[in-house]
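Here is the structure we will look at, set down as structure tokens.
Protein chains: 2
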Amino acid sequence: MAKINENYLKLPGNYLFAEIGKRVAKFQTEHPDAKIIRLGIGDVTRPLPKVCVDAMIKAAQELGNVETFRGYGPEQGYEFLREKISDWNYRRRGIEISADEIFISDGSKCDCGNIQEIFSLDSKIAIADPVYPVYLDTNVMAGRTGDLHPNGKFDGVTYLPCTAENNFSPAPPENKVDLIYLCSPNNPTGTTLTKNALKNWIDYAKKNNSVILFDAAYAAYITEENIPRSIYEVEGAKDVAIEFRSFSKTAGFTGTRCGYVVIPKNLSGTTSSGEKILLKNLWLRRQTTKFNGTAYIVQRGAEAIYSDEGQAQVKNLIDYYMTNAKIIREGLGHIGLSVYGGVNAPYIWLKTPKNISSWDFFDELLKKFHIVGTPGAGFGPCGEGFLRLTAFGSRENTLQAMERLAE
Amino acid sequence: MAKINENYLKLPGNYLFAEIGKRVAKFQTEHPDAKIIRLGIGDVTRPLPKVCVDAMIKAAQELGNVETFRGYGPEQGYEFLREKISDWNYRRRGIEISADEIFISDGSKCDCGNIQEIFSLDSKIAIADPVYPVYLDTNVMAGRTGDLHPNGKFDGVTYLPCTAENNFSPAPPENKVDLIYLCSPNNPTGTTLTKNALKNWIDYAKKNNSVILFDAAYAAYITEENIPRSIYEVEGAKDVAIEFRSFSKTAGFTGTRCGYVVIPKNLSGTTSSGEKILLKNLWLRRQTTKFNGTAYIVQRGAEAIYSDEGQAQVKNLIDYYMTNAKIIREGLGHIGLSVYGGVNAPYIWLKTPKNISSWDFFDELLKKFHIVGTPGAGFGPCGEGFLRLTAFGSRENTLQAMERLAE
Chain A
113 MAKINENYLK LPGNYLFAEI GKRVAKFQTE HPDAKIIRLG IGDVTRPLPK
163 VCVDAMIKAA QELGNVETFR GYGPEQGYEF LREKISDWNY RRRGIEISAD
213 EIFISDGSKC DCGNIQEIFS LDSKIAIADP VYPVYLDTNV MAGRTGDLHP
263 NGKFDGVTYL PCTAENNFSP APPENKVDLI YLCSPNNPTG TTLTKNALKN
313 WIDYAKKNNS VILFDAAYAA YITEENIPRS IYEVEGAKDV AIEFRSFSKT
363 AGFTGTRCGY VVIPKNLSGT TSSGEKILLK NLWLRRQTTK FNGTAYIVQR
413 GAEAIYSDEG QAQVKNLIDY YMTNAKIIRE GLGHIGLSVY GGVNAPYIWL
463 KTPKNISSWD FFDELLKKFH IVGTPGAGFG PCGEGFLRLT AFGSRENTLQ
513 AMERLAE
Chain B
113 MAKINENYLK LPGNYLFAEI GKRVAKFQTE HPDAKIIRLG IGDVTRPLPK
163 VCVDAMIKAA QELGNVETFR GYGPEQGYEF LREKISDWNY RRRGIEISAD
213 EIFISDGSKC DCGNIQEIFS LDSKIAIADP VYPVYLDTNV MAGRTGDLHP
263 NGKFDGVTYL PCTAENNFSP APPENKVDLI YLCSPNNPTG TTLTKNALKN
313 WIDYAKKNNS VILFDAAYAA YITEENIPRS IYEVEGAKDV AIEFRSFSKT
363 AGFTGTRCGY VVIPKNLSGT TSSGEKILLK NLWLRRQTTK FNGTAYIVQR
413 GAEAIYSDEG QAQVKNLIDY YMTNAKIIRE GLGHIGLSVY GGVNAPYIWL
463 KTPKNISSWD FFDELLKKFH IVGTPGAGFG PCGEGFLRLT AFGSRENTLQ
513 AMERLAE
């Protein structure tokens, strides 16, 4: 047999959400009458905005007509979409990011997972703890880490503890790292990084020649005015940061698949001999060789949110979920639990009662209340003792879940 | 600056089709009145089958309705599509491939490019020469090769010459390799591998513990009954082969994006200590971590071809292109050029006249006849002295191109 990539075997058991799915399926099989409420996986439940549906129907019709048919699109994404993103998400907020610094993809998970491929296998990485598992797992699979220790940490990775004590805003480490994964609004804690916190990170990156990989997939959920939606709102970020954005949570595209990466035009890495290489060019090479663009229909659907009508529909969607977030925050607060997040993010980060483990609390919620959360430990060692709930359920389910808990 | 993946710098200049695009754009700018006919890139031009358009419109409408909305789908793809593929493409041809051995993706380019990630970085690869550049380029980027030599070959790669002398059907090499990329019907030569040829490869793979990566993206174009559409038609293939298929050329999905990989359930690789690991499980882990499924709308569109009406529409599409292939074959034959392929594939492989180089012939065709082909050298050293034409143009353009050449 051919030899496999043994780095895969370093990963513990299943991908987090696959493990949750299995436990829930088992419970449902054993209790077919239980009405399970899923507040676990970060999946949306509201229909797509009408502007998106209409645009996709029109695009499908175009593809059925020889005059308007389109085959392969540009691997970087259609200019019509990149221009709209540049205008609506950046220029209108005073940030100069041009369309040729934007790369359309089939979602942020792919981008966050693939970006490491353009960096040296020797790169040292730092990740917030807890955080979205994809950053770490893809680096483990690529071979940038050692083995997993019984303490839940991989050798060779710098973990940045995010705790209630530091307001879930980690300080740069003492040691030098090459790649820093930050996520704000954070998945899973639902907390955000301030401009000052980001400025510290940018200073660290400049001093240590690091690149910041900034996941802003939840930017559309920020309600407070002084919180940066983009890392490029902070001075100096264009010299050190790549930003990830997504339509998944902004416009309900979790099953429709569209996201994008911003790589500023002067951002570079180096060869071992010190030659500067533009990261934008490496990424374009990666995408032209391993990707073939996002479906035309999907790109037209995404474009549709960039109109006054589209923005109103998106706002409506987000308001719906953020009302759920408020219901969960307040509901959990009333029964005396400690909760974080849920103000600028669709995630509520909940301290488990009596310090029980997060998987035990997961099982208890499932078995007693038929509610599915996500165990904090699945997001990193510092997630132990926490559980993530999401605001993406229906209003009815969200209210019902809080009623069940209140009893 | 962070250190980059220097393997990228081993790749020559641009990705093949990007280079062609640049030359064509330059010529068009300098000659704005020239009516350029593109028979170069393998992109389709006919509209999507009506069944696909209708299915995608229906799916878009479903996503706009809270009752029928769908978020994240399974990373492996929806069962409705995997079951149909299993039934129509395999069982009905007497091949037992079940839905859980099928993994839906956003296209074969991604699958062919990503599959190497589950194998050891030490794996030795063999590729047909000439062949679709993605197999080699993705292995170069991953670091499985040495440097590029002036002879056009990368150190550490086993090239399998496909020439007129061996009927473009390469024999297994003397040396041992771990991963073997085969493509039949072949891109770019348009030729196919017989059952006997595949049997030889399967025997080689069993003897040498190799895995065959079999790209059958053009299987739908096979017209001769005795040519295998799938490597699994050949005995023993399930023990050694992974197969790639695509909707791109079958149903015009180049801009709609859908393909799939078949990994037989007992196919395994080994760790360095000799433990067997199922490749299917590694691939699922790769997909659940770095991919989030193909758009629901697109999967519904793909599913639609698996009905009597859908098959009739697909056949109609393929007949159209294969009539073009015949026109090109015969047209080039009449003017005395040596041509291969075009019977079981939408590609015609053309010997350049007077042994001029393939890029020179490309430039000549572009400048004198305003016809875009693809230089054979772009597909490997043995492609030098050849040019690829495709049958994917409109009938009118195909006829016109042949008229221009006949003059």
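Read top to bottom, the protein sequences are chains A and B.
Counting from 113, one number per residue, gives the positions in the first sequence under my numbering.
Counting from 113, one number per residue, gives the positions in the second sequence under my numbering.
Idealized CB from N, CA, C, for every residue including glycine.
Length of the line joining the Cα atoms of residue i and residue j
i      : j      : result
B/M253 : A/F481 : 50 Å
B/R158 : A/Y184 : 12 Å
B/K528 : B/N226 : With chain B covering 113 to 519 only, the question about residue 528 of chain B has no answer from this structure.
A/N436 : A/T250 : 32 Å
A/L260 : B/S385 : 19 Å
A/T486 : B/I409 : 28 Å
B/T406 : B/W395 : 15 Å
A/K479 : A/E229 : 41 Å
B/G505 : B/E515 : 14 Å
B/N467 : B/E519 : 21 Å
B/E496 : B/T464 : 9 Å
A/L449 : A/C164 : 39 Å
Cross-chain neighbours of residue i in chain B, by beta carbon under 7 Å
i      : result
A/T366 : G183 and Y184
A/M168 : A172 and I409
A/V246 : T401
A/V156 : G183
Under 7 Å between C-beta atoms of residue i and residue j
i      : j      : result
A/A240 : A/T270 : no
B/S220 : B/I209 : no
A/V484 : A/G154 : no
A/Y459 : A/P300 : yes
A/T452 : A/A503 : One point to set straight first is that residue 452 of chain A is Tyr, not Thr, in the sequence displayed. No, Cβ-Cβ distance for A/Y452 and A/A503 is not below 7 Å.
B/G189 : B/I216 : yes
A/I343 : A/F326 : yes
B/G488 : B/P242 : yes
B/I324 : B/A317 : yes
B/S358 : B/L291 : no
A/K288 : A/N320 : yes
B/N456 : B/I354 : no
A/I116 : B/G381 : yes
B/I339 : B/T304 : yes
Beta-carbon neighbours of residue i, restricted to chain B and to distances below 9 Å
i      : result
A/N429 : Rather than Asn, the amino acid found at residue 429 of chain A in this sequence is Leu. None at all; the shortest Cβ gap to chain B is about 11 Å.
A/F231 : A114, K115, I116 and N117
Residue i: contacting residues in chain B (beta-carbon distance under 8 Å)
i      : result
A/Y219 : According to the sequence as given, residue 219 of chain A is Gly; it is not Tyr. Neighbours of A/G219 on chain B, chain order: N404.
A/N321 : M113 and A114
A/V373 : Chain B residues near A/V373: none, gap ~14 Å exceeds 8 Å.
A/L394 : I116, N117 and Y120
A/P285 : Result: empty, since nearest Cβ-Cβ is about 15 Å, beyond 8 Å.
Helix, strand or coil at residue i [DSSP, three-state]
i      : result
A/R150 : strand
A/L462 : strand
A/G488 : helix
A/G453 : strand
A/Y120 : helix
B/P250 : First, the residue type needs correcting, since residue 250 of chain B is Thr and not Pro in the sequence shown. Three-state DSSP puts B/T250 in a helix.
B/P273 : strand
A/T502 : strand
A/L193 : helix
A/L379 : coil
A/F266 : strand
B/I439 : helix
B/L160 : coil
A/I169 : helix
B/I447 : coil
Beta-carbon neighbours of residue i, restricted to chain A and to distances below 9 Å
i      : result
B/M514 : Result: empty, since nearest Cβ-Cβ is about 21 Å, beyond 9 Å.
Within chain A, partners of residue i - CB distance below 8 Å
i      : result
B/S384 : K115 and E118
Closer than 7 Å at the beta carbon, the chain A residues around residue i
i      : result
B/V165 : A172, Q173, L175 and G176
B/A130 : T400
The ligand PLP heavy atom lying under 6 Å from the CB of residue i
i      : result
A/F359 : With respect to the ligand PLP, the structure offers nothing, as it holds no ligand at all.
Minimum Cβ-Cβ distance from residue i to chain C less than 7 Å
i      : result
B/L449 : The structure shown has no chain C; the protein chains it does contain are A and B.
Original post:
Which ranges would you report for the alpha helix (DSSP H) in the stretch 403-434 of chain B if only whole runs of at least 4 residues count?
Top reply: 408-415
**OP:** Quick one: which unbroken beta strand (DSSP E) runs of 3-plus residues sit fully inside the stretch 285-328 of chain A? Chain order, please.
**Re:** 291-295 and 323-327
**OP:** List in chain order: all unbroken alpha helix (DSSP H) runs of 4+ residues lying wholly within the stretch 197-240 of chain A.
**Re:** 220-226
Subject >> 3-residue-minimum beta strand (DSSP E) runs that sit fully inside the stretch 329-374 of chain B, ordered along the chain >> reply: 353-358 and 371-374
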